[in-house]
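With the numbering used here applied, the sequence shown corresponds to residues 16 to 300, in that order.
Just so you know, even glycine gets a beta-carbon here, dropped at the ideal spot from N, CA and C.
Keep in mind it's a predicted model, so treat the numbers as computed, not measured.
Down below is the structure, laid out as C-alpha cells.
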Amino acid sequence: MASKWHAAVASTLILSALVVPAAEAASYTVQKGDTLTKIAKEHELTVQQLKQWNNLKSDAIFVNQKLMLASPEVKATKVEKVEKAVVEEKTTNATTYTVKRGDTLTVIAQKNNMTVEQLKELNKLQSDFIYINQQLQVNNVAQSNLITEQVITVAPGTNGQAVYHRVVELAHELLGTPYLFAGNTIEGFDCSGFVKYVYSNAGLDISRKSSLDYFLQDTTAVEEPMPGDVVFFKNTYIPNISHMGIYIGEDQFIHAGTTGVEISKVTHSYWAERFVAFKRFNGIE
16 MASKWHAAVA STLILSALVV PAAEAASYTV QKGDTLTKIA KEHELTVQQL KQWNNLKSDA
76 IFVNQKLMLA SPEVKATKVE KVEKAVVEEK TTNATTYTVK RGDTLTVIAQ KNNMTVEQLK
136 ELNKLQSDFI YINQQLQVNN VAQSNLITEQ VITVAPGTNG QAVYHRVVEL AHELLGTPYL
196 FAGNTIEGFD CSGFVKYVYS NAGLDISRKS SLDYFLQDTT AVEEPMPGDV VFFKNTYIPN
256 ISHMGIYIGE DQFIHAGTTG VEISKVTHSY WAERFVAFKR FNGIE
C-alpha cells in the first residue's frame, strides 16, 4: 500500500518544481547604474529603510542583487529547532476524522495524504478494523515523517564537509539562473532540479526526485543546520512539502524561486510560516 501511495503522490506532485507565489515581500533586482539613492527614490522609500530591511552595512550594492522593498515584519530572530517545529506541527496540524459508513483505512489515508501505516501508527491501531463514528487522528505526511525520524545531532565528517563546501560554492555560482519548470540544467531550474544539480556536481550521487520524495525517502532531520544542509517548506502552491532549498547559514537559503535562483531568508514571514525542517541527505557522512 505504501508503494502505491507514493506512486500516487509522485504522479500528483510531478510538479515538484515550485513556482513560488508572489506572497513574499516585494523585491527589486539591482540593475547596472543603480544606487541605493536611485532605487529608494523610484520606490518612494528612504535609503535608511532599504539598508535596514536588507541588513546593509554600507551603500555598496551589486548588479543582480535582490533587495527587499518592504519590511519583512519578521517576529522571530532565528528559526526554531526541528524538535520544536515537530511539536508545533503536531499541535496545529493534527486533526480528527470521524469514520463514516463505507470508510476503510485506505480511503481515509488517501483523503489525508497519508499511508495506511502512518494512519495506524498515529492511532495505535493493531489491525485494519475501524467502526462508524470512530475518531481517528490524521496528520500531514511531513509531520508523520519527522516524528518517526532519529534526528541527526552531529556535523558531517571530513568528506561530508568537503561536499558541503562545494555545494555552497556551486549554489552561489548559479545565482540568477532562470526558473524553468522541471529544469535541472544551467539552462534553468525548478526547486528540486536545482538541488539535484548542485549536489550531484558537488560529489553526492542523487537521483532526480520531487521535493516531497527527497523529504520522505532520502533525507533525515538535523538538530542544528549547517551550510550545505537542505531546508523544506510546505503549503506553497500545493498542500504538504512543496519547496526546498540549500541552507547557507545566517538563516539564509539558496533556491530556485519564481524568476530564478536567488537567496531568501528562512525567517522571512512568508517562509517562516511554511518552514518544515532542516534535513541532510543520507549520503552525507
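request  = Would you kindly work out how many angstroms separate the C-alpha atoms of alanine 91 and arginine 181, rounded to a whole number?
outcome  = With a pLDDT of 40 at alanine 91, under the threshold of 50, the modelled position of this residue cannot be trusted; read the value that follows with caution. Each residue's Cα considered, the two are about 30 Å apart.
message = Here's the rule: buried if 16 or more other CB atoms are within 10 angstroms of the residue's CB, otherwise exposed. What is phenylalanine 4?
response = For residue 4 there is no data in the structure shown, the boundaries of the chain being 16 and 300.
ask   = Enumerated in chain order, which unbroken segments of the beta strand (DSSP E) with a length of 3 residues or greater are wholly contained in the region 139-200?
value = 150-153
request  = Leaving out five residues on either side along the sequence, give the residues of the same chain with a beta carbon under 6 Å from the beta carbon of leucine 151.
outcome  = Tyr112, Asn138
ask   = Is it right to say lysine 47 is buried, meaning 16 or more other beta carbons lie within 10 angstroms of its own, or is it exposed?
value = exposed
query = Taking just the CA atoms, how far does aspartate 74 sit from valine 45?
reply = 13 Å
inquiry  = When you measure from the CB of leucine 140 to every non-hydrogen atom of the ligand NAP, does any distance come out below 6 Å?
reply    = No copy of the ligand NAP appears in this structure; indeed no ligand is present at all.
key: Buried or exposed by the 16-neighbour rule on C-beta atoms within 10 Å, applied to lysine 126   = exposed
ask   = Less than 7 Å separating the beta-carbons of methionine 259 and serine 215?
value = no
query = What residue does the beta strand (DSSP E) around lysine 80 start on, and which one ends it?
reply = Checking the sequence shown, residue 80 turns out to be glutamine, not lysine. Here glutamine 80 belongs to no beta strand (DSSP E), and DSSP marks it neither H nor E.
request  = Find the nearest neighbour of isoleucine 269 within the set Asp220, Phe204, Lys66, Gln67, judged by alpha-carbon distance.
outcome  = Phe204
ask   = Quick one: any contact between the region 230-240 and the region 190-202, if contact means 3 or more CB pairs under 8 Å?
value = no
query = For aspartate 244, which three-state DSSP category applies?
reply = strand
task = Within its chain, find whatever has a CB closer than 6 Å to the CB of isoleucine 256; leave out the 5 residues flanking it on each side and keep chain order.
result = Ala157, Ser226, Leu227, Phe230, Phe247, Lys249
Chain-order list of residues whose beta-carbon lies under 6 Å from that of alanine 271 (same chain, five-residue window excluded) = Tyr194, Phe204, Asp205, Cys206, Phe209
query = Looking at the structure shown, is valine 210 part of a helix, part of a strand, or coil, going by DSSP?
reply = helix
query = When the Cα atoms are used, what is the spatial distance from leucine 65 to leucine 82?
reply = 8 Å
inquiry  = Considering only the alpha carbon of each residue, which of Thr273, Phe290, Glu300, Lys294 lies closest to glutamate 164?
reply    = Lys294
ask   = What residue range is occupied by the uninterrupted alpha helix (DSSP H) comprising valine 62?
value = 62-68
ask   = What's the C-alpha gap between glycine 175 and asparagine 70?
value = 31 Å
request  = Mind checking which residues open and close the beta strand (DSSP E) that includes threonine 44?
outcome  = 42-44
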